[in-house]
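The listed protein sequences correspond, in order, to chains W and B. So the first sequence is residues 0 to 108, counted in numbering that gives the first Met the number 0. So the second sequence is residues 0 to 108, counted in numbering that gives the first Met the number 0. All residues carry an ideal CB built from backbone N, CA and C; glycine is no exception. What follows is a set of notes on a single structure, which appears directly below.
2 protein chains.
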Amino acid sequence: MSNPSDLAHPDRDQIALPEVLFALSDPDRLAVARQLADGPLDMASCHATDPNLPKSTKSHLMKVLREAGVIRNEPNGRRRRLTLRRDDLDARFPGLLDAVLRDPDRLAE
Amino acid sequence: MSNPSDLAHPDRDQIALPEVLFALSDPDRLAVARQLADGPLDMASCHATDPNLPKSTKSHLMKVLREAGVIRNEPNGRRRRLTLRRDDLDARFPGLLDAVLRDPDRLAE
DNA sequence: CGGTCGGTTCGAAAATGCTCGAACGTTTGG
DNA sequence: CCAAACGTTCGAGCATTTTCGAACCGACCG
């Protein structure tokens, strides 16, 4: 059908910088974005967050990222496929993702 | 005196990405950072925010930016000199500031 | 079918953040 | 010295977020 997913996603030009920054300002959400930088992942396989985090909490986390336009969340069988919206973010805010996904403190020692 | 400012500022390697992103995720605070990109400014001359914003609110705004390490706030006579910590931020998160300070929707049409 | 797996939605409670007036320094000028 | 200009801090109320269990739902398997 016309709808690639049952969840609402902003389209590219609706993505707003403050919301993106807010979404990424949480360590857990940032970790998810970083993990997705290597390619799409099913939510069940996304171990970026605490494994004993309640599902509802994890789902809410993804909601914030999705509504900000950072990730895409589409049904995939009985799972959810998560994708970093790199093309859209790069087009809208060039350089932002590269800067943010770069490892934070890895080289500091 | 030994102290260049009476307010606490994190030093460069204390600056954390989530806090920076959070500080910049508010439109008012983002506007302040953008205005300071052109050079230091006295707080009284900083018209990036609503002019009839109460002083305490404006002060709190600056506090968030300062504690995140985004700006420096040092006494200057009976005023306050605000400075964007571009060197520190560029060193710590290369490309971030450039991406964030770029005009958001200017070219979108 | 009936059950399980993966995940969303809904409330409600706890935590965090924002706003703003009041009170308080400091610096400067008369 | 006294007062005004500029800002910070404090506290309280309000708003937004976060957290998590419970209920739900579609996809899949037996």
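Alpha-carbon to alpha-carbon, residue j and residue i
{"i": "residue 86(W)", "j": "residue 91(B)", "result": "25 Å"}
{"i": "residue 71(W)", "j": "residue 67(B)", "result": "29 Å"}
{"i": "residue 11(B)", "j": "residue 12(W)", "result": "34 Å"}
{"i": "residue 17(W)", "j": "residue 26(B)", "result": "6 Å"}
{"i": "residue 102(W)", "j": "residue 61(W)", "result": "21 Å"}
{"i": "residue 108(B)", "j": "residue 97(B)", "result": "Here residue 108(B) scores only 43 on pLDDT, less than 50, and its place in the model should not be relied on; the value that follows carries that caveat. Going from the Cα of residue 108(B) to the Cα of residue 97(B) covers about 21 Å."}
{"i": "residue 93(B)", "j": "residue 53(W)", "result": "35 Å"}
{"i": "residue 9(B)", "j": "residue 19(B)", "result": "12 Å"}
{"i": "residue 56(W)", "j": "residue 38(B)", "result": "42 Å"}
{"i": "residue 112(B)", "j": "residue 81(B)", "result": "For residue 112(B) there is no data in the structure shown, the boundaries of chain B being 0 and 108."}
{"i": "residue 5(W)", "j": "residue 46(W)", "result": "24 Å"}
Chain-ordered neighbours of residue i on chain W, where CB pairs are closer than 7 Å
{"i": "residue 97(B)", "result": "94"}
{"i": "residue 17(B)", "result": "24, 25, 26 and 29"}
Check whether residue i and residue j have beta carbons under 8 Å apart
{"i": "residue 36(B)", "j": "residue 100(B)", "result": "yes"}
{"i": "residue 79(W)", "j": "residue 42(W)", "result": "yes"}
{"i": "residue 21(W)", "j": "residue 58(B)", "result": "no"}
{"i": "residue 31(W)", "j": "residue 48(W)", "result": "yes"}
Chain B residues whose Cβ lies nearer than 7 Å to that of residue i
{"i": "residue 100(W)", "result": "Per Cβ cutoff of 7 Å: no residues; residue 100(W) is ~10 Å from chain B at best."}
Best match in the options for proximity to residue i [C-alpha to C-alpha]
{"i": "residue 15(W)", "options": "80(W), 89(W), 102(W) and 42(W)", "result": "89(W)"}
{"i": "residue 74(W)", "options": "40(W), 94(W), 51(W) and 96(W)", "result": "40(W)"}
{"i": "residue 64(B)", "options": "83(B), 51(B) and 93(B)", "result": "83(B)"}
Chain B residues whose Cβ lies nearer than 8 Å to that of residue i
{"i": "residue 60(W)", "result": "Within 8 Å Cβ-Cβ: nothing; residue 60(W) doesn't reach chain B, min ~14 Å."}
Beta carbon proximity, residue i to chain B, threshold 8 Å
{"i": "residue 20(W)", "result": "yes"}
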